[in-house]
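Asks: Read left to right, the sequence shown gives residues -26 to -1, 1 to 424 (mature numbering (1 follows the signal peptide of the UniProt record, and there is no 0)).
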Amino acid sequence: MRFAARRTVTALLVSLCALIASAVLAAPGAVAAPKSPRKAQQTTGGTPTQNSAQCQNHDRPPPPVDTSEEPKPGEPTPKPLPVPAEPVGGTRMGECGVVSPVGAKAAIAGDVTSASWVVADLDSGEVLAAKDPHARERPASLIKTLLAIAVIRELRPEQVVTGTQADADQEGTKVGMGPGGQYTVRLLLHALLMRSGNDAAHALSTLLGGEQATLEKMNALAAELGALDTRAATPSGLDGPGMSSSAYDLSLVFRAAVKHKEFVEAISTKSIDFPGYANKPGYKVVNDNKLLGRYQGFVGGKTGFTDDARHTYMGAAERGGKRVGVVMMRGETATGAPLSDQGAKLLDYGFALAAEKSKPVGVLVDHAPDVQQKPNTGLSNTPGTTDSPNAPTTPAPAAISTADLDRSAFGSYGIPLVALAAVAILVAFGIWFRQKRARAARARRIAAGG
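#1: Using 8 Å as the cut-off, can you tell me whether the region 138 to 156 makes contact with the region 189 to 197, which would need three or more C-beta pairs spanning the two stretches below that distance?
#2: Output the distance between the C-alpha atoms of Asp40 and Arg229, rounded to the nearest integer angstrom.
#3: Out of curiosity, what's the CA-to-CA distance linking Thr158 and Leu321?
#4: Is the CB-CB distance between Lys276 and Met288 below 8 Å?
#5: Which residues mark the beginning and the end of the beta strand (DSSP E) in which His285 is found?
#6: How should residue 429 be labelled, buried or exposed, when 16 other C-beta atoms within 10 angstroms of its C-beta is the threshold for buried?
#7: Using the rule of at least 16 other Cβ atoms within 10 Å of the residue's Cβ for burial, across every protein chain shown, is Arg110 buried or exposed?
#8: Do Pro50 and Asp33 count as a contact pair if the criterion is CB distance below 8 Å?
#9: Do Val232 and Ala290 have their C-beta atoms closer together than 8 Å?
#10: Which term fits Gly250, buried or exposed, when burial requires 16 or more other beta carbons within 10 angstroms of its beta carbon?
#11: For the region 244 to 261 against the region 118 to 135, are there 3 or more C-beta pairs whose distance is under 8 Å?
#12: Buried or exposed: which applies to Arg284, given that a residue is buried once 16 or more other Cβ atoms fall within 10 Å of its Cβ?
#13: Starting from Lys191 and walking both ways along the alpha helix (DSSP H), at which residues does that stretch end?
#14: Just the C-alpha distance for Gly84 and Gly317, rounded to the nearest angstrom, thanks.
#15: So what does DSSP say about Asp315, is it helix, strand or coil?
#16: Under DSSP, the alpha helix (DSSP H) around Lys235 begins and ends at which residues?
#17: Is the region 138 to 147 close to the region 170 to 184, with three or more CB pairs under 8 Å?
#18: Please say whether Leu182 and Glu128 have beta carbons closer to each other than 8 Å?
#19: Mind checking Arg304: buried by the 16 CB within 10 Å criterion, or exposed?
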């Protein structure tokens, strides 16, 4: 009987070990195939997918009209960022023309000249409508939104900055910094967003560690958010080698930005007093967003323009507890209304779609998808190109979701295996304890009989 019991215990333990070993061997497959289909694959050569074969600018912005994107002597031309095989935000985000809800009654009242745009619920993340949302365009000063988030995350609002000649020498729009001028980070953040000051962008970038370090932070932030079309080439939005974004990506960035009260405070401020320097007096800086105070419920936004990017715009409004945002890229005003007025038409459209509870056409993701890159497609890279010195093209690891919590060394079978192991151990212990008691009783009987 003792030998039979021992054989039973041994058999249980051997079976348990075999089961655990099998689970461990199967684990890589389990981990590679999560329950939630969150993976977005990429092509190294920018091969179009969905209906993007008919989409313009699916892997890079249109050709530049000037020399602003030529690399410095001796530096290679950045390669286009990889194109996801599955569009971030849902299948319909890979469509090219106007992407509207099926059966929706609402319509856009007026012409919108932008090559691409997105209208989204900034609270839920639902994309209400779009046009060629992942087309790659130049962001112009809308990229300052990424810079603003980096500033809010890292710098103290009351930190004092002394202006330099390098700040004053920046190209493009400036707010009026000068050598020896004293400015707080909070004031420069307002100047950056209200008046699109490139001098403010330079000063803030210097505080963040210099232009190169700032670009790395901005691009890492874009990757963290899931903005896979985005590569900042300059902190200010001036055109530079490899500059790229999309209406979808900038909607992600805008949604992330409006979660910060400092950002909302800046874009909603109508005017501020800006200090002078040396013999130059201070003056009043006025917000350049024309919808502020004119459009019902308007929260604020950002404008942008370069010769290569053309007009760009983002703005948000709140009505009935719902915040709707719009991003527009490569717009024209010579043949249409100012881009802010076109933005108002899209905001009206968004609120109308929300009111009729139309089915969303996509979603603004909360974080970067888990990206895998496809093998070489056979398309060779252009000689003398690089992935960009500013930031990696592979996004940061995605945050762990509840759907991922059951993925361990045992794959998706971890909990049942633990339960089975516990039962087997209890059974084995019970058999051993029963044997021990039987042996003790037998010894007592022998002793009593002796």
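Every residue gets a Cβ at the ideal spot worked out from N, C-alpha and C, and that includes glycine.
Replies: This is what the structure holds:
#1: Of all C-beta pairs linking the region 138 to 156 to the region 189 to 197, fewer than three are shorter than 8 Å, placing the two stretches out of contact.
#2: Taking the straight line from one Cα to the other gives about 32 Å.
#3: Taking the straight line from one Cα to the other gives about 34 Å.
#4: In this structure, Lys276 lies near Met288, with their beta-carbon atoms less than 8 Å apart.
#5: Per DSSP, His285 belongs to the beta strand (DSSP E) from 284 to 293.
#6: The first residue shown for the chain is -26 and the last is 424, placing residue 429 beyond what the model contains.
#7: With 16 or more other Cβ atoms within 10 Å, it is buried.
#8: With contacts defined as CB atoms closer than 8 Å, Asp33 and Pro50 fail to qualify as a contacting pair.
#9: Yes. Within cutoff.
#10: Exposed.
#11: Taking 8 Å as the limit for Cβ pairs, the verdict is that the region 118 to 135 does not touch the region 244 to 261.
#12: Burial call: buried.
#13: Counting along the chain, the alpha helix (DSSP H) containing Lys191 begins and ends at 185 to 199.
#14: So the alpha carbons of these two residues sit roughly 11 Å apart.
#15: DSSP, read as helix, strand or coil, puts Asp315 in helix.
#16: The continuous alpha helix (DSSP H) containing Lys235 extends over residues 235 to 242.
#17: The region 138 to 147 makes contact with the region 170 to 184, as at least three CB pairs between them are under 8 Å.
#18: In this structure, Leu182 lies closer than 8 Å to Glu128 by Cβ.
#19: Under this definition Arg304 is a buried residue.
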